[in-house]
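Q: Quick one: the structure is below, questions incoming.
There are 2 protein chains.
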Amino acid sequence: MSGRHLVTGCAGFVGSTIVDRLLRDGHDVIGIDDFSTGREEFLSAALDNRRFELIRGDLLDPAVSDEAAEGVETVFHMAANADVRFGTEHPTRDFEQNARVTLNVLEAMRRRGVGRIAFASTGSMYGETKIIPTPEDAPLPIQTSLYGASKMAAESFIEAYSEGFGIQSFVFRFVSLLGERYTHGHVVDFFRQLQEHPERLHVLGDGKQRKSYLYIFDCVEAMMHAMAASAERVNIYNLGTDEYCEVNDSIAWICEALGLRPAITYSGGRQGWIGDNPFIFLDTARIRATGWRPTLSIRQAVERTVRYLRESSGA
Amino acid sequence: MSGRHLVTGCAGFVGSTIVDRLLRDGHDVIGIDDFSTGREEFLSAALDNRRFELIRGDLLDPAVSDEAAEGVETVFHMAANADVRFGTEHPTRDFEQNARVTLNVLEAMRRRGVGRIAFASTGSMYGETKIIPTPEDAPLPIQTSLYGASKMAAESFIEAYSEGFGIQSFVFRFVSLLGERYTHGHVVDFFRQLQEHPERLHVLGDGKQRKSYLYIFDCVEAMMHAMAASAERVNIYNLGTDEYCEVNDSIAWICEALGLRPAITYSGGRQGWIGDNPFIFLDTARIRATGWRPTLSIRQAVERTVRYLRESSGA
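Each protein sequence line maps, in turn, to chains A and B. Start counting the first sequence at 118; every next residue gets the next number (this note's numbering). Start counting the second sequence at 118; every next residue gets the next number (this note's numbering).
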């Protein structure tokens, strides 16, 4: 892989890490972000690099990706509404930001003759599957969140565009990611609660939800590794570690890292919110078969995240 | 089931058959169609019934379904771009007509408090699955057509709305349907060719594609049967017969019904077109477990279709 690549959501957690990686490897990178959740500071190194070009724009406007896709070899489509929890409070947002925007990106690729896409999907699209650890070819799931539904929709159109227009596709189903530039999710929720009142912590659900996490640099390395290895038209990979933890485990690690012993209260129930999946654990045999291995455990990734949050908050 | 029901795509093949069935059973029916492919003649009986109300409108306009959903108990969402074959010639049509429109219908249901949806999905969403006959919980498929992708997207949002907003959903994955009011597909293609030049017939693919079909009245009966029986929130059913045939078989039946012996030529290849699925055969154990049985074989359904096409073409 060399040449010019497009990263959507380039100022986000995953997108900005990919931008830095591609620039480090000597590629030309064009990035798009609307800065609705992306942060300019994540692009501070990239913006100093003459190989990087930034487009401020909204991918709901088809012209934005159409212009950016000119002369591009690979699109890393990372732009998304990544908020799973509040889906039902704005019911059409996931459809627009994740499904509609992906179609716009695919259309731009088709018109501009871009040959390859990497897509940030999610383990949430397996819903409450009974097969755990969950392989890529799990039984057709029932979607339990608008976020999962929107990623399933996007994946489906990516596959159809691969079949219909010869685009090579890489669909990566992430567990929750942790590490530097992590900006939303339960670790930051807990961190902020403890900054405000170090003596108490309120947890959604019963704390026994079992979740998987992957360190951001391990995630990006897995993507690059898989893309370098495959000549298949459609490639689907779960990305995660081969372990999971309870929410209570991560609370213990966070508290230890912060040197705190808060009183913990629980909202109760097996789900933290409607559509919360009480057990996410992906079978990662397929990506491991390419030779990739994660470098950090979940605990180490949580600790790195806490360190990052402390440093970036000036605490 | 009694009361007021909304049928989208009410002037189509399936929609108009549902309208007639609901009216026959004494329900009030409100129908929406934009008549892009629907035919006014299919509503001739309904339009004479004071219990039927017709809205001419485009479901891409959210106001159309929003107004129609007021006071409705069940939405039969049958409106769709049902053309599988020419998907790549108008790449965004399936997304708009099938995914976007379904979201609009779901939003109307959420806002108006409509409690139940029946949705016309498709066996095409199984792509080129290796599990044949294919059960409802087959391994996650790779989408091979924009049509299949759009139905997968619509199903996913229906499930998420069921989980998020308590709507009961019935997703029916049809094989190809045949019978009275059949307007597009290979039987009508062959029929028209033979009307034009009875001595020859050109077939896309090698004629050995294996396909399943279901008679339209058996299909609608299966839907009503499943909906009367279930209290589950999300219900997914394959609808088909427990047999399949080769395209060559249906050609033989059509020619016999018409008393013709044309010379047959083939375009060749295992697919008739990009995204054509060379073998569709659904496992229908789940719908059969409700007690439903089809009344016509595939051959009988083909023969009824030819009879209908002859009568409606005045041949």
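We put the beta carbon where it would ideally sit given N, CA and C, even for glycine. Just so we're clear, the structure is a prediction, and the values are computed from it rather than from any experiment.
Examine the Cβ distances between the region 327-334 of chain A and the region 118-136 of chain A and report whether three or more of them are shorter than 8 Å.
A: yes
Q: Please confirm whether isoleucine 415(A) has its beta-carbon closer than 8 Å to some beta-carbon of chain B.
A: Against the first sequence, residue 415(A) aligns to sequence position 298. No - not a single Cβ of chain B is within 8 Å of the one on isoleucine 415(A).
Q: Taking the beta carbon of leucine 177(A) as the centre, do at least 16 other beta carbons fall within 10 Å, making it buried, or is it exposed?
A: On the first sequence, residue 177(A) is found 60 positions in, with the first residue counted as 1. Burial state of leucine 177(A) is exposed, judged by a 10 Å Cβ sphere holding fewer than 16 other Cβ atoms.
Q: Work out the CA separation of isoleucine 172(A) and phenylalanine 309(A) for me, nearest whole Å.
A: Mapped onto the first sequence, residue 309(A) falls at position 192. Mapped onto the first sequence, residue 172(A) falls at position 55. First, the residue type needs correcting, since residue 309(A) is arginine and not phenylalanine in the sequence shown. Taking the straight line joining both Cα atoms gives about 32 Å.
Q: Determine, using beta carbons only, whether threonine 223(A) and tyrosine 264(A) come nearer to each other than 8 Å.
A: Along the first sequence, one-based indexing puts residue 223(A) at 106. Along the first sequence, one-based indexing puts residue 264(A) at 147. It should be pointed out that residue 223(A) corresponds to leucine in this sequence rather than to threonine. No. Outside cutoff.
Q: Of the residues that make up the region 275-294 of chain A, which ones have a beta carbon closer than 9 Å to any beta carbon in chain B?
A: Ile275, Glu276, Ala277, Tyr278, Ser279, Glu280, Gly281 and Phe282
Q: Whose C-alpha, out of Asp142(B), Ser273(B), Pro208(B) and Cys362(B), is nearest the C-alpha of serine 414(B)?
A: The residue you call residue 414(B) lines up with position 297 of the second sequence. Selected option, being the one with the closest Cα: Cys362(B).
Q: Suppose the cutoff is 7 Å on Cβ atoms and the five residues either side in sequence are ignored; what does the same chain contact list for aspartate 359(A) look like?
A: The sequence position of residue 359(A) within the first sequence is 242, counting from 1. Beyond the five residues adjoining it in sequence on each side, aspartate 359(A) comes within less than 7 Å, by CB distance, of Thr401 in the same chain, given in chain order.
Q: Who pairs with arginine 233(A) in a beta bridge, going by DSSP?
A: Stepping through the first sequence from its first residue, residue 233(A) is reached at position 116. Arginine 233(A) pairs with Thr191(A) and Gln285(A).
Q: The alpha helix (DSSP H) that contains threonine 422(A), what's its start and end?
A: Locating residue 422(A) in the first sequence gives position 305, counting from the first residue. Start and end: 415-430.
Q: Report yes or no: is there a C-beta of chain A within less than 8 Å of the C-beta of arginine 387(B)?
A: By one-based count along the second sequence, residue 387(B) stands at place 270. Not a single C-beta of chain A is nearer than 8 Å to the C-beta of arginine 387(B).
Q: State the CB to CB distance for the pair glutamine 326(A) and proline 395(A), rounded to an integer number of angstroms; the pair is presumed to be in contact (CB under 8 Å).
A: Numbered from 1 along the first sequence, position 209 holds the residue referred to as residue 326(A). Numbered from 1 along the first sequence, position 278 holds the residue referred to as residue 395(A). The Cβ separation is near 5 Å, so the contact holds.
Q: Hey, could you find the ends of the beta strand (DSSP E) valine 305(B) is sitting in?
A: Counted from its first residue, the second sequence places residue 305(B) at position 188. Segment 303-313 is the alpha helix (DSSP H) holding valine 305(B); no beta strand (DSSP E) there.
Q: Judging by CA-CA distance, which residue of Ser347(A), Glu272(A), Glu206(A) and Ile149(A) is the nearest neighbour of glycine 408(A)?
A: As a first step, residue 408(A) is located in the first sequence; it is residue number 291 there, counting from the start. Checking every option, the nearest Cα to that of glycine 408(A) belongs to Ser347(A).
Q: Would you verify that the beta carbon of aspartate 200(B) is, or is not, closer than 8 Å to some beta carbon of chain A?
A: Against the second sequence, residue 200(B) aligns to sequence position 83. False, the Cβ-Cβ gap to chain A never drops below 8 Å.
Q: Using a Cβ-Cβ distance cut-off of 8 Å, determine whether isoleucine 404(B) contacts chain A.
A: For the purposes of this step, residue 404(B) is taken as residue 287 along the second sequence, with counting starting at 1. Closer than 8 Å: no.
Q: Put tyrosine 330(A) into one of helix, strand or coil per three-state DSSP.
A: Mapped onto the first sequence, residue 330(A) falls at position 213. If DSSP states are grouped into helix, strand and coil, tyrosine 330(A) belongs with the strands.
Q: For the beta strand (DSSP E) that contains glutamate 170(A), what are its first and last residues?
A: Taking the first residue of the first sequence as 1, we reach residue 170(A) at position 53. Note, glutamate 170(A): beta strand (DSSP E), 169-173.
Q: Nearest to serine 430(A) by CA position, among Asn352(A), Glu206(A), Ala196(A) and Glu313(A), is which residue?
A: Here residue 430(A) refers to the residue found at position 313 of the first sequence. Ranking the options by Cα distance to serine 430(A), first place goes to Glu313(A).
Q: Closest to phenylalanine 398(A) by C-alpha separation, out of His319(A), Ser273(A), Glu276(A) and Glu253(A), would be which residue?
A: Taking the first residue of the first sequence as 1, we reach residue 398(A) at position 281. Nearest C-alpha to phenylalanine 398(A): Glu253(A).
Q: Are leucine 436(B) and valine 292(B) touching if we call contact CB-CB under 8 Å?
A: The first residue shown for chain B is 118 and the last is 432, placing residue 436(B) beyond what the model contains.
Q: Can you pull the chain B neighbours of methionine 269(A), defined as C-beta to C-beta under 8 Å?
A: Mapped onto the first sequence, residue 269(A) falls at position 152. The contacting residues are Met269, Ala270 and Ser273.
Q: Would valine 320(A) pass as a contact of tyrosine 383(A) if the rule is Cβ separation under 8 Å?
A: Counting from one through the first sequence, the residue named residue 320(A) turns up at place 203. Counting from one through the first sequence, the residue named residue 383(A) turns up at place 266. Against a cut-off of 8 Å, the Cβ pair of tyrosine 383(A) and valine 320(A) comes out as a contact.
Q: From what residue to what residue does the alpha helix (DSSP H) around asparagine 365(B) run?
A: Position 248 of the second sequence, counted from the first residue, corresponds to residue 365(B). It spans 364-375 - the alpha helix (DSSP H) in which asparagine 365(B) sits, taken as one unbroken run.
Q: Using a Cβ-Cβ cut-off of less than 7 Å, give me the residues of the region 206-236 of chain A that come near chain B, in sequence order.
A: Near chain B, meaning a CB-to-CB distance below 7 Å, the residues of the region 206-236 of chain A are Pro208, Thr209, Phe212, Ala216, Leu220, Glu224 and Arg227.
Q: For valine 181(A), which residues in the same chain have their Cβ closer than 6 Å to its Cβ, ignoring the five residues on either side in sequence?
A: Taking the first sequence and counting its residues from 1, one reaches residue 181(A) at position 64. The residues are Gly174.
Q: Quick check: the region 225-240 of chain A against the region 185-205 of chain A, are at least 3 beta-carbon pairs closer than 8 Å?
A: Contact between the region 185-205 of chain A and the region 225-240 of chain A is present, because at least three Cβ pairs lie under 8 Å.
Q: Using the C-alpha atoms, what's the distance from aspartate 211(A) back to arginine 202(A)?
A: Reading the first sequence from its first residue, position 85 is the one you call residue 202(A). Reading the first sequence from its first residue, position 94 is the one you call residue 211(A). Roughly 11 Å between the two C-alpha positions.
Q: Please state whether DSSP places serine 153(A) in a helix, a strand or coil.
A: For the purposes of this step, residue 153(A) is taken as the residue at position 36 of the first sequence. Coil, per DSSP.
Q: Can you have a look at threonine 125(A) and say buried or exposed, based on whether 16 or more other CB atoms are within 10 angstroms of its CB?
A: The sequence position of residue 125(A) within the first sequence is 8, counting from 1. Classified as buried, threonine 125(A) has 16 or more neighbouring CB atoms from the shown chains inside 10 Å of its CB.
Q: For phenylalanine 274(B), which residues in the same chain have their Cβ closer than 7 Å to its Cβ, ignoring the five residues on either side in sequence?
A: Position 157 of the second sequence holds residue 274(B). If the five residues before and after phenylalanine 274(B) are omitted, its C-beta is found closer than 7 Å to the C-beta atoms of Thr219, Leu220 and Leu223, all from its own chain and listed in chain order.
Q: Taking 8 Å as the threshold (C-beta atoms), are methionine 242(A) and proline 256(A) in contact?
A: Indexing the first sequence from 1 puts residue 256(A) at position 139. Indexing the first sequence from 1 puts residue 242(A) at position 125. For proline 256(A) and methionine 242(A), no; Cβs fall outside 8 Å.
Q: Look at glutamate 280(A) and arginine 229(A) and say whether their C-beta atoms are less than 8 Å apart.
A: Here residue 280(A) corresponds to residue number 163 of the first sequence, with the count starting at 1. Here residue 229(A) corresponds to residue number 112 of the first sequence, with the count starting at 1. Taking 8 Å as the Cβ cut-off, glutamate 280(A) and arginine 229(A) do not qualify as a contacting pair.
Q: Of the residues Ile147(A), Thr251(A), Asp200(A) and Ile404(A), which one's Cα is nearest the Cα of serine 153(A)?
A: For the purposes of this step, residue 153(A) is identified with residue 36 of the first sequence, where counting begins at 1. Nearest neighbour of serine 153(A) by Cα position, chosen from Ile147(A), Thr251(A), Asp200(A) and Ile404(A), turns out to be Asp200(A).
Q: Just tell me which of Glu276(A), Met226(A), Phe289(A) and Gln388(A) has its CA closest to the CA of alanine 343(A).
A: One-based indexing of the first sequence puts residue 343(A) at position 226. The option with the nearest alpha carbon to alanine 343(A) is Phe289(A).
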